[in-house]
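To start, the structure itself, in structure tokens.
Right, here's the structure in full:
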């Protein structure tokens, strides 16, 4: 509960979180010194998320052609901002690449399906709700563009995984997402379907923009390893107990 969380946070001798955004939010909400909170980012499993030709069969099994679709990943809930993504998709010129929406339904997901019908996108948007664990990396890896216009994230793991897969990314300019994306992704206002659509078009139509996004994304994704996270954790523990002994 919120009450027990507040009690635990205030009494904890060490605190860890995954991003500077989360660090500042914890400090602000629980009114504790930001220096007590250490950032240990999430790590990418590069054995699963990497560039290459593997997994074409998973893409084809989903009714898609490798390199010929757009992709987003996330539970079908309001925070993930599927509505504005669909509105942006409808602004793209035809013929459009299909949009693969990977994620399970939420109890608030009905407006998403209503929007698809209202925009007349039933034949172009593929909802993939039961994706096997081994298929997800392939669906990300073989996308033409990965789009993640979420309103709020504590980290934003799908963005990191898409960059590590060698896929150009469009994401939001809010909360933790600029930290994860760095300068690699095209950052957009999640409330603007026009900006989202323009960013997708840039990555589809400009080979130089696409190549730069892929190269920067691969470099940026190297920052997120479990080795680095473990090193930050161990360093914080050592510093804490060294101070304790004094």
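In my numbering, the protein residues as written are -11 to 234. For each residue, glycine too, the CB sits at the ideal point set by N, CA and C. Note that the structure is a prediction, hence the values are computed from the model and not measured.
For the alpha helix (DSSP H) holding residue i, just list the boundary residues, first then last.
{"i": "residue 46", "result": "44 to 49"}
{"i": "residue 12", "result": "8 to 18"}
{"i": "residue 61", "result": "Run containing residue 61: none in the alpha helix (DSSP H); it sits in the beta strand (DSSP E), 58 to 61."}
Using a Cβ-Cβ cut-off of 7 Å (strictly less than) and excluding sequence neighbours within five positions of residue i, which residues of its own chain qualify?
{"i": "residue 66", "result": "96"}
{"i": "residue 161", "result": "175, 176 and 177"}
{"i": "residue 83", "result": "none"}
{"i": "residue 104", "result": "74, 110 and 113"}
{"i": "residue 212", "result": "29, 30, 31, 32 and 148"}
{"i": "residue 166", "result": "175"}
{"i": "residue 24", "result": "3"}
{"i": "residue 68", "result": "62 and 138"}
Please work out which residues of its chain come closer than 6 Å, Cβ to Cβ, to residue i, disregarding the five sequence neighbours upstream and downstream, and give them in chain order.
{"i": "residue -11", "result": "Confidence in residue -11 is poor, its pLDDT being 47 and thus under 50, which makes the residue's placement unreliable; the coordinate value appears in the next sentence. Result list for residue -11: empty, nothing under 6 Å."}
{"i": "residue 234", "result": "Residue confidence is low: residue 234 scores 49 on pLDDT, short of 50, so the model does not pin down where it sits. Its coordinate-derived value is still stated next. Cβ neighbours of residue 234 beyond the five flanking positions: none."}
{"i": "residue 42", "result": "none"}
{"i": "residue 226", "result": "none"}
{"i": "residue 156", "result": "133, 191, 198, 201 and 202"}
{"i": "residue 170", "result": "208"}
{"i": "residue 146", "result": "61 and 136"}
{"i": "residue 173", "result": "157 and 159"}
{"i": "residue 36", "result": "125"}
What residues in its chain sit with their C-beta under 8 Å from that of residue i, if we drop five residues either side in the sequence?
{"i": "residue 56", "result": "85, 86 and 132"}
{"i": "residue 21", "result": "15"}
{"i": "residue 79", "result": "181, 182 and 185"}
Buried or exposed for residue i, going by 16 or more other Cβ atoms inside 10 Å?
{"i": "residue 175", "result": "buried"}
{"i": "residue 144", "result": "buried"}
{"i": "residue 205", "result": "buried"}
{"i": "residue 124", "result": "buried"}
{"i": "residue 51", "result": "exposed"}
{"i": "residue 168", "result": "buried"}
{"i": "residue 141", "result": "buried"}
{"i": "residue 11", "result": "buried"}
{"i": "residue 0", "result": "exposed"}
{"i": "residue 2", "result": "exposed"}
Could you give the first and the last residue of the continuous beta strand (DSSP E) run that contains residue i?
{"i": "residue 293", "result": "Residue 293 is absent from the model: the chain starts at -11 and stops at 234."}
{"i": "residue 2", "result": "Element bounds for residue 2: n/a, residue is neither H nor E."}
{"i": "residue 32", "result": "Unbroken run through residue 32: none, as it is neither H nor E."}
{"i": "residue 26", "result": "25 to 27"}
Return yes when the C-beta of residue i is under 7 Å from any heavy atom of the ligand ADP, and no when it is not.
{"i": "residue 47", "result": "With respect to the ligand ADP, the structure shown offers nothing to examine, as it has no ligands at all."}
Inset, instruction - Would you mind listing the alpha helix (DSSP H) stretches within the region 153 to 231 that are 4+ residues and don't spill past its ends, in chain order? - result: 165 to 169, 181 to 193 and 195 to 209
Legend entry - Meets three-Cβ-pair contact criterion under 8 Å: the region 94 to 111 and the region 121 to 130: no
Legend entry - At least three beta-carbon pairs within less than 8 Å, the region 74 to 83 to the region 144 to 152: no
Inset, instruction - Would you check if the region 180 to 189 and the region 206 to 222 touch, i.e. whether three or more CB-CB distances between them fall below 8 Å? - result: no
Legend entry - Whole beta strand (DSSP E) elements within the region 47 to 125, 3-residue minimum: Listed in chain order, the complete beta strand (DSSP E) runs (minimum 3 residues) inside the region 47 to 125 are 58 to 61, 87 to 90 and 113 to 116.
Legend entry - Three-pair Cβ contact test at 8 Å for the region 47 to 63 versus the region 86 to 104: yes
Legend entry - Given 8 Å, three or more beta-carbon pairs between the region 14 to 28 and the region 193 to 200: Taking one beta carbon from each stretch, the region 14 to 28 and the region 193 to 200 have fewer than 3 pairs nearer than 8 Å; the two do not touch.
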